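Novice: Residue numbers (the numbering used here): 7 to 658.
Here it is: the structure, laid out below.
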RNA sequence: GCCCCCGUAGCUCAGCUGGAUAGAGCAACGGAUUUCUAAUCCGUGGGUCGCAGGUUCGAGUCCUGCCGGGGGUGCCA
C-alpha cells in the first residue's frame with residue numbers, strides 16, 4: 007500500500023492534458039505537515055499559478071474540480087494561498103487496515119527487483135572489534151533487510167581486512183611474546199594481548215621520538231600567541247583572526263603533547279612493556295618487515311597467518327551471532343590479493359594510470375591528488391584492492407548497485423574510486439558511499455576510555471544487556487506490571503532490550519550526523535528508544551492474548567474496522583504509511599526514516615491504548631475492530647523492528 | 001593552503017524533493033492510576049534555526065560571504 011503515490015497518481019491524472027510536465031508538480035503532494043489540515047496536502051497551485059498566469063486559489067479550484075478521489079477521500083478543501091488538503095475516508099482507512107492485517111507482507115508491494123551488493127562491517131581481522139564497528143554493521147544490516155523485504159536481491163559482503171599491517175604486528179608479537187600455554191587454552195585472548203603489546207610499544211616509540219618536536223611546537227605556538235598579544239596590529243580584524251589561529255595552534259599542540267605523554271606513560275608505567283620497548287627497538291619497522299614477508303609468501307609467516315585467521319574469525323563471528331547478523335560472502339582483502347597486479351597492468355595498458363615519482367598513479371579530472379595503485383616499493387594499496395573488488399564483483403555478480411557502508415572520513419577515497427571505476431568502463435552500476443558520522447563519547451570526542459583505549463564491542467554489548475536487566479527486570483516494576491518471569495525469561499528479555507537499545511540508538515540517528523554513545527541514556531528505556539517500541543508491541547500482544555475473540559491474519563476479514571475516536575483514526579493512518587516509510591528509508595539509504603516511523607506508530611498506539619479500551623469496549627463489534635487495530639499494529643511493529651535487526655518479546 | 005561535513009529549545013536529536021504557527025525525547029513543573037503491563041497518557045514553560053546578505057509568492061531547507069566546530073588532504077586503511 008503506497009498511499010502517497012496513489013494520491014499522487016490521482017493528481018497526475020487531474021493535471022494531464024492541461025499542464026506541461028505534470029510529474030514535477032505531483033512531487034509536491036505530501037503527508038500533511040499538521041494533522042489539522044488533513045492527511046495529505048498538495049502544494050501545487052502556487053508554482054502552477056506562475057506558469058498558467060492565474061491566481062493560485064483559482065488554480066487550486068480548477069485542480070480540485072478535475073481531481074477524482076471520491077473513493078479515497080472526503081471532498082478536497084483549499085486553504086491559505088492555495089494549499090489543497092485531503093482527508094481519507096474512514097471506511098477506506100478501515101478497509102486498508104484489514105488488508106494489512108490479513109496480509110503476511112502487511113500490504114507492502116513487491117518492487118521491480120534490483121541486484122545490490124552491500125559492503126559493510128569489514129572489521130580488521132586480528133584486531134578486537136570496537137564501538138567504531140557498530141555503525142557500519144548495524145546500518146548495513148538494516149539496509150540489507152529492508153531492501154530484501156521490498157523484493158530486491160541483496161548480496162551482503164563482509165570485506166574483511168585480513169591482509170593488512172596488523173598481521174605483521176601479531177606475527178612479530180607471536181614470535182617474541184607468546185605465552186604458549188595461554189595460546190593453547192585461550193587463543194583469542196592471547197592474540198589480543200600480543201596485539202596490544204605491539205601496538206602500545208609502537209605508539210610509545212613513535213611518541214618518544216615525536217616528544218621533543220611536540221614540545222618545541224607548543225613553545226613556538228605559545229610564543230607566537232604572546233607576540234600577538236604584545237604587538238597590536240594596525241588592522242584590528244586581522245589581529246583578531248591571527249590571535250584566534252594562534253590560540254587554536256596552542257590548543258592543538260597541547261592536546262597532541264598530552265596524547266603523546268599518555269602513550270609514553272602507558273608503557274613506562276608497566277614494567278613488562280617497558281622492558282619490551284627497550285629490547286625491541288624500532289618495533290614498527292620490524293612488524294612491517296613481517297607484513298612484507300607475509301605478502302611475499304614467506305612460508306613461516308603464511309603458516310602463522312593461516313593459523314591466526316580462523317581464531318580471529320571465530321571471535322568476530324561470535325559478535326555477529328549475538329547481533330543476529332549474517333553475510334553471504336566474506337571475501338576479505340586476501341581474496342583479491344592475487345588480482346592486484348592484473349588491475350594495475352590493465353590500468354596502465356588503457357592509459358588510465360602512469361608512473362609518477364616511482365609510484366603508479368591514476369590521475370583523475372577534478373582531483374588535485376592522484377589515486378595511487380602501486381607504491382614506489384612495489385606494494386599495492388587499498389585503492390588497488392577496491393578496484394579489484396569492483397572488477398571481480400561486476401564479473402561475477404553483475405549487480406545494479408554497490409553500496410559501501412563506510413565512515414565519512416573516507417568520502418574522498420570513494421569519490422576517486424568511483425571516478426576510476428567509471429573510467430574503467432563501469433558506468434551502468436550505481437556506486438554509492440553510504441557514509442556515516444562518528445560515534446562520540448560523553449565529552450563529544452570520539453568514543454574512547456579515559457586512558458585513550460577503545461572499548462571492546464563485546465564489553466559494550468554486555469554492558470547494555472546488564473543495564474537493561476536492571477531496568478526491565480526490576481522486581482518492583484515486574485510486580486506492578488503483574489509479570490512473573492523465570493530467570494531464563496528475564497535474561498532473554500534483557501538481551502533483546504539491551505541489544506535493541508544499542509542498535510536503535512544508532513539507527514534512529516540520521517546516519518550522516520555524529521552521535522553521542524551513552525549507554526546509560528539509550529538503556530534508560532524512556533522516550534525514543536527501542537524499549538518503548540518493544541513495550542508497545544508487548545502491550546498489544548497482551549491484549550490479543552487476553553481477548554476472548556482470537557484475531558489473526560486468517561480471520562480479520564470478519565471483523566470490520568470502525569474508526570470513531572481520533573486516536574483510532576490516527577493509528578490507522580499511520581499503519582497505512584508503512585510502505586511509504588520503507589520506500590523512503592531506502593531511497594537515499596537512511597534507516598533512520600524507518601526508525602522514526604516505528605516510533606511514531608508506537609506513540610500512536612500508546613495514545614490509542616490510553617484512550618480506547620479494547621477489552622472493555624462498548625460493544626462486541628467495536629471490541630473486535632480494536633483487536634484488529636492491535637493485531638495490525640503488532641505485526642507492523644515487529645516486522646519493522648525486524649527490518650532494523652531488532653527483536654521483540656511477548657511480555658516485558 | 002585546498003576539499004568535505006556540521007552549527008535548530010538547558011541537554012540529546014528529527015525536520016524527505018523549499019510550503020501554512022519550526023518538532024520529538026530527556027531534564028523542570030502541573031495533572032491523570034480500583035492499569036486491557038503507568039517503561040504510559042494529557043498539559044505548561046523553554047527557539048534571533050551560528051551571523052549577514054541574496055534568490056523566491058514562500059527559506060531551517062537553495063546561493064554567496066563571514067564566524068565557530070569536526071574531518072580529509074600522493075605512496076596507512
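We put the CB at the ideal spot given by N, CA and C, even for glycine.
Just so it is clear, the structure is predicted and the values come from calculations on it, not from any experiment.
Out of curiosity, what's the CA-to-CA distance linking residue 580 and residue 598?
Specialist: In this model, residue 580 and residue 598 are separated by some 17 Å (Cα to Cα).
Novice: So residue 467 and residue 513 are in contact, right, with Cβ under 8 Å, and what is the actual spacing, rounded?
Specialist: Residue 467 to residue 513, Cβ: 16 Å. No contact.
Novice: Quick one: measure Cβ to Cβ for residue 349 and residue 358, integer angstroms, because I've assumed they're closer than 8 Å.
Specialist: At roughly 11 Å, the Cβ-Cβ gap does not stay under 8 Å, so residue 349 and residue 358 are not in contact.
Novice: Cutting at 7 Å between CB atoms, please list the residues of its own chain near residue 547, excluding the five before and the five after it.
Specialist: 640, 656
Novice: Taking DSSP as the reference, what is the three-state secondary structure of residue 618?
Specialist: coil
Novice: Can you tell me whether DSSP reads residue 413 as helix, strand or coil?
Specialist: strand
Novice: Does DSSP classify residue 636 as helix, strand or coil?
Specialist: helix
Novice: State whether the stretch 522 to 541 contacts the stretch 643 to 657, with contact taken as three or more CB pairs (one from each stretch) at a distance under 8 Å.
Specialist: Contact holds: three or more Cβ-Cβ distances are below 8 Å.
Novice: Could you please give me the residues that DSSP links to residue 462 through a beta bridge?
Specialist: Beta-bridge pairing links residue 462 to 136.
Novice: Under the DSSP definition of a beta bridge, which residues are partnered with residue 91?
Specialist: 47, 83
Novice: Below 7 Å, is the gap between the Cβ of residue 253 and the nearest heavy atom of the ligand ZN?
Specialist: The ligand ZN is not among the ligands present in this structure, which contains no ligands whatsoever.
Novice: When the Cα atoms are used, what is the spatial distance from residue 253 to residue 390?
Specialist: 41 Å
Novice: Three or more C-beta pairs closer than 8 Å, one from the stretch 151 to 170 and one from the stretch 184 to 197: is that the case here?
Specialist: no
Novice: Select from 111, 163, 80 the residue whose C-alpha is nearest the C-alpha of residue 412.
Specialist: 163
Novice: Is it true that the CB of residue 614 sits closer than 8 Å to the CB of residue 112?
Specialist: no
Novice: Would you mind giving the Cβ-Cβ distance between residue 82 and residue 563, rounded to the nearest angstrom? I have them listed as a contact below 8 Å.
Specialist: Contact flag wrong, Cβ pair sits at about 30 Å.
Novice: Which of the three DSSP states is assigned to residue 438 in this structure?
Specialist: strand
Novice: Starting from residue 36 and walking both ways along the beta strand (DSSP E), at which residues does that stretch end?
Specialist: 35 to 37
Novice: Looking at the unbroken beta strand (DSSP E) that takes in residue 377, where does it start and where does it end?
Specialist: 377 to 380
Novice: Going by other Cβ atoms of all chains shown within 10 Å of its Cβ, with 16 needed for buried, is residue 336 buried or exposed?
Specialist: Burial check for residue 336: the Cβ neighbour count within 10 Å reaches 16 or more, so the residue is buried.
Novice: Short check: CB of residue 549 to CB of residue 607, under 8 Å?
Specialist: no
Novice: Below 8 Å CB to CB, which residues in the same chain sit around residue 385 once its five sequence neighbours on both sides are set aside?
Specialist: 298, 301
Novice: How is residue 162 classed by DSSP in three states: helix, strand or coil?
Specialist: strand
Novice: Check each candidate in 168, 182, 306, 273 and name the one with the smallest Cα separation from residue 132.
Specialist: 168
Novice: Which of the three DSSP states is assigned to residue 445 in this structure?
Specialist: Per DSSP, reduced to three states, the secondary structure at residue 445 is strand.
Novice: If you drop the 5 nearest sequence neighbours on each side, which residues of the same chain put their C-beta closer than 6 Å to that of residue 121?
Specialist: 159, 405, 406
Novice: From the DSSP output, in three-state form, read off residue 250 for me.
Specialist: helix
Novice: Under 8 Å: do the stretch 86 to 101 and the stretch 43 to 56 share three or more Cβ pairs, one atom per stretch?
Specialist: yes
Novice: Should residue 24 go down as buried or exposed, given a rule of 16 or more other Cβ atoms within 10 Å for buried?
Specialist: exposed
Novice: Could you spell out the range, first to last residue, of the alpha helix (DSSP H) harbouring residue 299?
Specialist: 289 to 302
Novice: For residue 125 versus residue 432, is the C-beta spacing smaller than 8 Å?
Specialist: no
Novice: According to DSSP, simplified to helix, strand and coil, what is residue 2?
Specialist: This structure does not reach residue 2, given that the chain is present from 7 up to 658, and the question cannot be answered.
Novice: When you compare each of 175, 451, 36 to residue 130 by their alpha carbons, which one comes out closest?
Specialist: If we check each option's Cα against that of residue 130, 175 comes out closest.
Novice: Apart from the five residues on each side of it in sequence, which residues of its chain come closer than 7 Å, Cβ to Cβ, to residue 279?
Specialist: 203, 206, 207, 273
Novice: Using the rule of at least 16 other Cβ atoms within 10 Å of the residue's Cβ for burial, across every protein chain shown, is residue 465 buried or exposed?
Specialist: exposed
Novice: For residue 446, tell me which candidate among 381, 139, 8 has the shortest Cα-Cα distance.
Specialist: 139
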